[in-house]
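One point on numbering: in full-length UniProt numbering, the residue at position 108 of the sequence shown is 108, and numbering is uninterrupted. In what follows, a single structure is set out as structure tokens and then discussed.
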Amino acid sequence: MRSPLQDYLEQLVTDLRPMRHGAVNPVTDSVVNPNPDHLSITLTTVNGQQYSAGDVDQRFAIQSIAKVFAYALALDDLGPQKVGEKVDVEPSGDSFNEISLQSGTGRPDNPMINAGAIATVGLIKGRGGRNRIGRLMHAFEEASAGCDRELKIMEQIYRAENKHGHRNRALAWLLRSFDIIESDPEPIVDDYFRQCAVGLTSAELSMMAATLARRGENPVTGRQVFTPETVRQVVSVMNTCGMYDSAGNWAIDVGLPAKSGVDGGIMVVLPGQLGIGVFSPPLDEHGTSVRGAAAIARITSDLGLHYADAPPLGRSTLRAHYSLADAFSGVIRSTDLSRAVSAYGHRCQILEISGDLGFAETEALQRSIVEFDDDVSTIMIDLNGIDEFGRSAIRVLASLASKLNADNRDLAIIDHEDRLVDHIMDFVNSTEGLEVEDPREKAKAASEGELVLSDGPRSASSNAEVQGTFRLFENRAAALEWAEHRLAQRYAQDNLPASSEEPESAPLFEFLDDRDVDVLAAIMERRKYKAGEIIRRAGQPFGGIYFIRSGRVETTSHGSGGARYRQTYLSPGTTFGEIALGRSGRQVSTIRAVDDVVCLVLTAQMIASVEETDPNLAIKLWTALTREAYTVLEQSAREAGAREEFAD
């Protein structure tokens, strides 16, 4: 399945291509004549996952974005105090090529304007067998590694910049007059022109941004390109000075550290989460890519990435991931249904989420889902552990629901508060092209005990014939029960529980031979209960083993403070009452009829009679009860093991 983030970026490129504002940098236009319609966007997570759309193979000169990495290299070499003696870190409010030097000292205001960037290059010396430009190129390559492309200087761009760069050369000599540059400025300004002419794509630019987002460590290679202390200062300066005289509006509209280049590139860093690289040649009056700025503003708004949109403090993690075959709904289902779940449980994958669902967490979640095998037909996400969620979670989950349903696959969400699903449906209803059924009405029915499968044909024998659905459940037990029946509906129709079951279909009686089952069935009492009627109350002594022949019941318990919570539903072919055989000898939960229910009851008195008249059968019955109890224990242990394996 295609990633919703990939689809989102491709749609964004389609939306922004018609923009016709701005003009191409005249120096670049004169030598390489770039196509003004070009647009590419790449997101790279701090785990190294990339999503690209548009003209992703189109190379462009890095230009002023190189200033970020030259500043980082100088800081790593000399430390912030030494660098600060030559270049300040205050916003100038001027355009990129202004003569912005402090009175008396001649110190440039910051390393992002041209004067400060030239001074920064002058601080970098040859080392380790590499000259200054060689070290700069090595830093670029280390930060962009993982994209399998070699970075090279675009000679035409370099020669044009060198030929027409009179203002930058004048700035270099002015800096020399204040001893900000302490040697011949010509080789320094030449290397400045060379670093600005390094060619790359939005993918490399995005990887470089992700390296900064990961505190200086390349997400793919794991190599520490810059120290975390250096990155902290670099990203801070980007935030205040990276967009020159439009830095204030950028902080309001986008709210993320960024650096622009006059060939149409923009690099954005979201610390701890991702890096963004965009490219489109036409520029606005500030020297910023028109489409690039529009793209980033859309991304930060649509995905909730603005720093002011950060949720309250919380911890976020994909807590567990396992299949339905390793899950435990809390009860033993009918023998046939248990066999279906054992055979096809891997086709239902369950993910448990806790903490906050920001962009990084949402990206990791959707990537896990996209990478599932094609035979996974039902995906269940338990959101009961989340604290807060952002717009990226709403958008991505809405897209996932639409894509999965269109592919005849199911998405089920467990969320007792319904908050996220409410926002998902608001987004679906206001967005063209998304088709998702509203799960809230069925969630209400499920909370009242109704087991609602999809409208797929009853005779379906394959996934392709069953319509995908989007479901919501308030508790895990109801969701797992639905998932078990859903797998049977898709792949094992004959194993679906019938509306009426005989005793031999119960797992308890699977451990007995046919003669023993017939003997026990003959002494069972037939009992009827009306919908809503209490069958057994918590605290009552053991009254027998109840075999549900038709209808459904719910089990509820009381927690601390008297709070009532539902444990699960039981369908025909299952049993209850045997738990009272434990040490307390009393019923631990209350059993209520959801529908009109018919039970066959092997009463406590009858069990006592069997013990007296047919000890061998009694031993077999107690052995069957013990084996059933160990089956429950085994299921619980298997789920615990699956969770621990994920945590490791």
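Note that the Cβ used here is the ideal one computed from N, Cα and C, for glycine as well. Quick caveat: nothing in here was measured; it's all calculated off a predicted structure.
### Message
Which residue wins for smallest C-alpha separation from L496, given the options D336, R391 and L570?
### Response
D336
### Query
So, is K67 buried or exposed, given that buried needs 16 or more other C-beta atoms within 10 angstroms?
buried
### Message
Between the alpha carbons of R458 and R391, how many angstroms are there, rounded?
### Response
Any reading at R458 must be qualified, since the residue scores a pLDDT of 41, below 50, and its modelled position is unreliable; the value itself is stated next. Approximately 38 Å between the Cα atoms of the pair.
### Environment of Q63 [buried if 16+ CB atoms lie within 10 Å]
buried
#### Entry: Other residues of its chain near A393: CB distance less than 6 Å, five sequence neighbours each side excluded
L357 and T362
### Query
Is there contact between the segment 193–208 and the segment 98–115, where contact requires at least three CB pairs shorter than 8 Å?
no
### Query
According to the neighbour-count rule (16 or more other Cβ atoms, all chains shown, within 10 Å of its Cβ), is V439 buried or exposed?
Going by the sequence as given, residue 439 is Pro instead of Val. Per the 10 Å Cβ criterion, buried.
### Task
Would you tell me roughly how many angstroms separate the C-alpha atoms of G242 and L411, rounded to the nearest one?
42 Å
### Task
Note down, one range per segment and in chain order, each beta strand (DSSP E) of at least 3 residues found wholly within the segment 327–400.
348–357 and 378–389
### Option in T44, F178 and G292 with minimal Cα separation from L16
G292
### Query
Nearest CA to the CA of C348: which residue from E204, Y322, A360 and D284?
Y322
### Task
List in chain order: all unbroken beta strand (DSSP E) runs of 3+ residues lying wholly within the segment 215–286.
258–260, 265–270 and 274–279
### Query
Thinking C-alpha only, which one of G433, D513 and L472 is nearest Q11?
G433
### Task
Could you give the DSSP three-state label for Q467: helix, strand or coil?
coil
### Query
So is W622 buried or exposed if we call it buried at 16+ other beta carbons inside 10 Å?
exposed
### Whole-angstrom distance between R298 and V46, CA atom to CA atom
21 Å
### Query
For H164, is the classification buried or exposed, using 16 other Cβ atoms within 10 angstroms of its Cβ as the cut-off for buried?
exposed
### Query
Quick one: what's got a C-beta closer than 7 Å to E161's C-beta in the same chain, skipping five residues either side?
V27, F193, C196 and A197
### Query
Can you pull the DSSP bridge partners for G544?
T603
### C-alpha distance - G539 paired with G532, whole-angstrom precision
19 Å
### Task
With DSSP collapsed to three states, give me the class of K620.
helix
### Query
Rounded C-beta distance between G551 and T603? I'm assuming under 8 Å.
Rounded, the Cβ-Cβ distance is 19 Å, inconsistent with contact.
#### Entry: Span separating the alpha-carbon of N463 from that of S377
Low local confidence applies: a pLDDT of 48 at N463 is under 50, so the model's placement there is unreliable, with the coordinate-based value given in what follows. Going from the Cα of N463 to the Cα of S377 covers about 7 Å.
### Task
Within the same chain, show all residues whose beta-carbon is closer than 8 Å to that of L313, passing over the 5 residues directly before and after it, in chain order.
Legend: pLDDT at L313 = 48, less than 50; position of this residue unreliable, no value from coordinates given.
### Task
May I ask you to check if the CB of E484 is nearer than 7 Å to at least one heavy atom of the ligand MG?
As presented, the structure is devoid of all ligands, the ligand MG included, so that no description of it is given.
### Message
If you follow the beta strand (DSSP E) that T42 is in, where does it begin and where does it stop?
### Response
S40 to T45
### Message
Applying the 10 Å Cβ sphere with the 16-neighbour rule, what's the burial state of A647?
### Response
Unreliable placement is indicated for A647, whose pLDDT of 49 sits below 50; the coordinate value is still reported in the next sentence. Exposed, by the Cβ-count rule.
### Query
To which residues of the same chain is D614 closer than 8 Å at the C-beta, ignoring the five residues directly before and after it?
V519
### Message
So for D88, helix, strand or coil by DSSP?
### Response
coil
### Query
Straight-line CA distance for V235 to A74?
14 Å
### Task
Find out if the Cβ-Cβ distance for the pair E141, R223 is shorter than 8 Å.
no
### Message
Under DSSP, the alpha helix (DSSP H) around R167 begins and ends at which residues?
### Response
H166 to S177
### Task
Answer yes or no: do residue 669 and I548 have a C-beta to C-beta separation smaller than 8 Å?
Nothing about residue 669 can be reported from this structure: the residues present for the chain run from 1 to 648 only.
### Task
Report all residues from its chain with a CB closer than 6 Å to the CB of G248; omit the five preceding and five following residues, and keep chain order.
none
### Task
Assuming L600 and R526 form a contact by the criterion Cβ under 8 Å, report the distance between their Cβ atoms to the nearest whole angstrom.
6 Å
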